[in-house]
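Chains as they are written, first to last, in this note's numbering: chain A, 1 to 185; chain B, 1 to 510; chain C, 1 to 151. Note that the Cβ used here is the ideal one computed from N, Cα and C, for glycine as well.
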Amino acid sequence: MENITPQLYALLVFMIVGSVVAIETRNLLSAVISVAAVGFALSVAFLFLGAPDIAITQLVVEVLVLIILIRGTILLDNTAVESHRDTLAVVTSLIFFGLLLGFGAMIFGGRGFPEFGEPVMRVSKVYVHTGLPATYCANIVTAVILDFRAYDTMGEASVLFTSILGAMALLRRDGKRKEEEVVAA
Amino acid sequence: MNPLPLYVAIPLGAAFLIPLLGLWWKKSGETLAPLFTLILGIMAVLQVGRPAAVYHMGGWPPPWGIALVSDGLSTLLLIAINLVGFLCVLFSIKYMQRYTGLTKYYSLFMLMVAGMNGVVVSGDLFNLYVFLEVASIASYALVAFGVGAEELEAGFKYLILGSVASVMLLFGIGTVYAVTGSLNMADVAREIATQFGGQMNPGLLLAGAFFLMGFGLKAALVPFHAWLPDAHPSAPAPISAMLSGVVIKSLGIYAICRVFFNVYGIAAGGAGSVIFANAMIAFALLSIVIGGILAIGQWDYKRLLAYSSIGQIGYVMLGIGVGARVLATGGQISIAGLAILGGLFHMFNHVAFKSLLFLSSGAIQHATGTRDMKQLGGLREKMPITAFTTNMAALSIAGVPPFSGFWSKLVILVATVKAGYTAIAIVAIVFAFVTLAYYIKVQREILYGTVSKLVEKAREVPALMYVPLILLAIACVGFGLLYPVIGVHILEPARDALMNGAEYIQLVLG
Amino acid sequence: MIGMTLIVKTITDFVVGFIIVFGVYIVLYGHLTPGGGFAGGVIIACAFILAMLAHGKDVAFSKLPEKAAHIIDSGGALAFLLIGWFGVTVGAFFMNAFGRGEVFRLLSSGMILPLNIAIAFKVSSSLFLVFSALAIFRRRSFRAMIEDELA
C-alpha cells in the first residue's frame, strides 16, 4: 500500500478542495462542475485502490449526473446564488465539525480502527477463497453483489425504481383535479 | 415453507406491477393495493404465536449471505405495518380521487410498505439500510404528492434531513464493518460481546452515536424532529397516518431497539451502554416536553397531531430508555422488563390511535375543506361516525381510563418510579395532563360547540372512508380490554426478543 | 432547427451505435470482467440521452417511445424479482436455479447473467425516463407560466 499512498493523499486533498469550492462559490454552474470534479477524482481513487468495478460505475454515473445537473443549471435565468450568512448556523456547524474531527482523531489515530490496507477480513476472506468454486463467476465483485448478496441488489434496484417513480410523480403538471372532474368521477 | 421473503416480495411485486398494468388499466392501483395489503395483513396476524425463525437468502448461511429473522419484535411491527397499510389504502380509494397520477401513488405506497417490511424482517445491517432507503424515498415523494408549494417545501425539507440521517447511518454501518468485519447483526453482536469483551471500542462508540442520531431523526425524536411538523400536515391524510402510525416506528424506534439491544448488547452493560441509555432517556424527555408544549398552541388540526406524535414517541422512547438504563446499570430485570413492555405497548397503541386521528383529520378535511380548528365546530351533529371515532382516539391518546392509552402510560410511569427516576416520572405525568389538555381542546373546537359555517354543509364521508375509522376505534378500546391476550401473545415475545441478546445470536448463527 | 448543429448531429449518429454496443458488452461480460448491469445500463442510457440532446426529444422518443420505456422499466424490475423467485424451486429465494456452466465462459455462473441483463434494462430505461421527464417538464411549466402571464 505504501507505493500508492502519495497519489491517494493528493487525490484526497483535491477532493476536499473541490468540495469547499462547490460550497463556497456563488455561481451554480461552477459549483456543479466542482462537484463533478470531486466525483471524477473519486473514480480515479477507486482505480488506484484496485477496484475497477466501482471506478467504472462511479465514472458513468458521474457523467450522467453531470449532464443532468448542467442541463438543469443552464435552464435557470440567474445562476448566481445569493449569499446570506447565518452566523449561528456557521458557528454550530464548525463546533460539530470540530467534535467530529476530535472523535475521528481518537478513532483513526489509535486503538479503534484496523491499519489502512489491512482490513478485518473475517467474513470477506471466505468470499475471496470460495467465491469462484461456489458461484463459477470470474468477477468476484459481481459474485458478491449478484449471488451472495443478490437480495441487497434487489433492494438497490428498488431504491432506483422508487426514486425515478417519485421524481416522475413530482414532475406532474397538476397535482389535484378540479372540483367538477371529481364530481364526475 | 417459511413466509418471510413474501413480506418483501409481495409488496415489491405489486409496486412493479401497478404502473405496468396502469398503462392500460386505470384502476390497477385501487384494485391491487388493497388486495395485496390485505393478504400481507392476514399473513402477519397468522405469524403470532409461531416460534422465531430465520431464513437464509439464496441458501447462503450467515454471516456470508443475508439472513431474514422473525422474532417477537418483528412480528409486532409486521402486524402494525400491514394492517394499518391495508386500512390506509382502503381510505385512500375515495380520499385520493382528488389527486392525479394515482397509479404512481399506489405504487409508491406499496414500495413504502415493502421498505418497512424489509427493515423489520432484516437480519443484516446493510440490508436494513437499503430497505430503510426504499421506505424513506417513497415517503419523501408521497409527502410532496400534492405538488403544491407547501407540499413541495415540506417534502424537500424532509428529503434533505432524511438524507443527512441516511449518510450518518451509512457512515455508522461502514464503521461497524471496518471494526468487526461483518454486517450480519448477530455476527456483529457476537463479535462485540466476545472480542471486545463488552468494552466499547471508540469506533463502535462513534458508530453508535451515528445510529442514535440517524434513527432518531427517522423517529422524529427532539432535537431531530424539525422535518415532522411540516411533513405530516402537508402529506395526503392516508400518508400522514402511515408516517405517524408506522414509518417513524419501524424506521426509527424499531431500528434503535434492534441495534442497541440486539447488536450493541446494551443489556450486557458494557462501557458504552450507560451513555447510550442516558442519551435515549434525554431525547425521550425532550420529546415529551417540547412536543407537548408546541402542540397546545396549534390551531391547525394536523399540525397539532404532528406535535402530539413527537410527544407520544417520547413516551415510547422513555419506556425503552429506562429499561435499557436499568439493565445497563445492573438493576432488577423485572423492572426493566416492565419498562420495555410499557414502551412497546404504548408504541402499539399509538399505531392505532394516531393513524385513526390522522385518517379522521383527512375525513374532516374531505368533508369541510379545511383543517383550521377555528373554522370547525359542532362536527358531532353533521358527521356522527367520524366524530365518535375521533372522540375514542382522543380519549385513548389522552390517557383516560379504561382506554388503551391509559394502561400503557401507566405501565411506563410505574416502571420509571420503580426504577428510582421519580423526577423523570413527575415530568412525564405533568405532560400526560398536557396531552389531555390539548385533546380536550380538539374535542371542544372540532367535535362539540356551535356548528360553524363550513360544517353546516358537511356530510358524513362514504363508507369506504369510515369503515377504517371504525375498525381503528375498536382497536383503541380493544387493546386496553384485551390486554391479557395481546400482552401474552404479541408484546411479551417482543420484550423477550429485546432482553435476551444471547438468544438472538443463538437463533441466527445456530 | 430542432436540436443542435449538423456537426453534432452527424457525430452523434456515428457514435451512438458504438456507445450502445460498449454498454451491451459491459452488461454481458459483467460476470467475467469489471462492470455489470448497473454500469452498462447507465452507458446505454447515456447513448439515448446523447441522441435526445443532439436531435431533440421527438427523435429520441421515436427510437424509444415513452410508453415502451415505462414497460421496460417496470418489466426489468419485475424480471429481477421473478428470477429471485425462480430460486424457490431449488430451495430459497435468490438461490441459483440455473446451471453454473464452465468458468470463464459467457454462459456461466447461473443466474448472474440474467440478473445483470434485467438490471441493465431497468436502469437504462428509467434513467432515460427521468431525463425526458425533466426535458418535457420544462416546456410545460414554461408554457404554463406564459399562459398565467397572459391571463
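Distance, residue j Cα to residue i Cα
| i | j | result |
| --- | --- | --- |
| PRO229(B) | LEU28(C) | 48 Å |
| ARG50(B) | LEU509(B) | 19 Å |
| MET168(A) | LEU170(B) | 26 Å |
| ILE505(B) | ILE107(A) | 27 Å |
| ILE2(C) | HIS55(C) | 6 Å |
| PRO468(B) | LEU90(B) | 7 Å |
| GLN443(B) | GLN298(B) | 14 Å |
| GLY29(B) | VAL61(A) | 32 Å |
| THR33(C) | ILE340(B) | 51 Å |
| PHE96(A) | VAL430(B) | 33 Å |
| PRO114(A) | VAL123(A) | 15 Å |
| CYS46(C) | LEU64(A) | 7 Å |
| ALA367(B) | LEU376(B) | 11 Å |
| ALA502(B) | THR130(A) | 29 Å |
| ARG380(B) | LYS374(B) | 16 Å |
| ALA150(A) | GLY118(B) | 14 Å |
| MET242(B) | GLN47(B) | 22 Å |
| ARG172(A) | VAL147(B) | 8 Å |
| GLY72(A) | GLY123(B) | 40 Å |
| VAL274(B) | ILE256(B) | 15 Å |
| GLY76(C) | SER124(C) | 10 Å |
| TRP64(B) | LEU75(A) | 48 Å |
| ALA15(B) | PHE109(B) | 8 Å |
| ILE412(B) | VAL164(B) | 32 Å |
| ILE136(C) | THR162(A) | 20 Å |
| GLY405(B) | LEU183(B) | 37 Å |
| TYR7(B) | ALA53(B) | 14 Å |
| ALA437(B) | ALA393(B) | 14 Å |
Residue-chain proximity (residue i, chain B), Cβ-Cβ < 8 Å
| i | result |
| --- | --- |
| PRO133(A) | no |
| HIS31(C) | no |
| SER163(A) | yes |
| PHE131(C) | no |
| ARG139(C) | Confidence at ARG139(C) is low in this model, with a pLDDT of 48, below 50, so the placement of that residue should be treated as unreliable; the coordinate-derived value is given next. Answer no: the Cβ-Cβ gap between ARG139(C) and chain B never drops below 8 Å. |
| VAL126(A) | yes |
| ALA92(C) | yes |
| ILE71(C) | yes |
| SER158(A) | yes |
Contact belief for residue i with residue j at Cβ below 8 Å, rounded distance in angstroms
| i | j | result |
| --- | --- | --- |
| ALA267(B) | LEU327(B) | 4 Å |
| PHE121(C) | ILE72(C) | 5 Å |
| ILE140(A) | THR153(A) | 15 Å between Cβ atoms; not a contact. |
| TYR264(B) | LYS409(B) | Actually they are not in contact, since the Cβ atoms of TYR264(B) and LYS409(B) sit about 27 Å apart, beyond 8 Å. |
Neighbour flag for residue i against chain C, beta carbons, 8 Å
| i | result |
| --- | --- |
| GLY59(B) | yes |
| ALA135(B) | no |
| THR130(A) | no |
| ILE70(A) | no |
| TYR136(A) | yes |
| VAL60(A) | yes |
| LEU20(B) | yes |
| MET168(A) | yes |
| PRO63(B) | no |
| LEU64(A) | yes |
Buried versus exposed, by CB contacts within 10 Å (16 or more), residue i
| i | result |
| --- | --- |
| THR92(A) | exposed |
| PRO11(B) | buried |
| SER334(B) | exposed |
| SER62(C) | exposed |
| ASP372(B) | exposed |
| GLY245(B) | buried |
| PRO19(B) | buried |
| ASP147(A) | buried |
| GLN332(B) | exposed |
Residue-level contact to chain A via CB, residue i, 8 Å cutoff
| i | result |
| --- | --- |
| ASN117(B) | no |
Residue i Cβ short of 7 Å to the ligand MG heavy atom set
| i | result |
| --- | --- |
| SER360(B) | Only the bare structure without any ligand can be found here, which leaves the ligand MG out of the picture. |
Taking the runs of the alpha helix (DSSP H) that are 4 residues or longer, which of them lie wholly in the region 17 to 50 of chain A? The region 17 to 50 of chain A contains these whole alpha helix (DSSP H) runs: 28 to 48.
Could you name the residues of the region 159 to 177 of chain B whose beta carbon sits closer than 8 Å to any beta carbon of chain D, in the order they occur along the chain? As a matter of chain content, chain D is missing from the structure shown, whose protein chains are A, B and C.
Beta strand (DSSP E) runs wholly inside the region 3 to 74 of chain B, at least 3 long, in chain order: List check, beta strand (DSSP E) in window: 53 to 56 and 67 to 70.
For the region 124 to 166 of chain B, list the alpha helix (DSSP H) runs that are entirely contained and at least 4 residues long, ordered along the chain. Entirely contained in the region 124 to 166 of chain B, the alpha helix (DSSP H) runs reaching 4 residues are, in chain order, 125 to 143.
Just to confirm the assignment: which complete beta strand (DSSP E) runs, minimum length 3, are found wholly within the region 237 to 301 of chain B? For the region 237 to 301 of chain B, not one full-length beta strand (DSSP E) segment reaches 3 residues or more.
Give the list of continuous alpha helix (DSSP H) stretches no shorter than 4 residues that lie fully inside the region 23 to 76 of chain C. The qualifying runs are 37 to 55 and 57 to 63.
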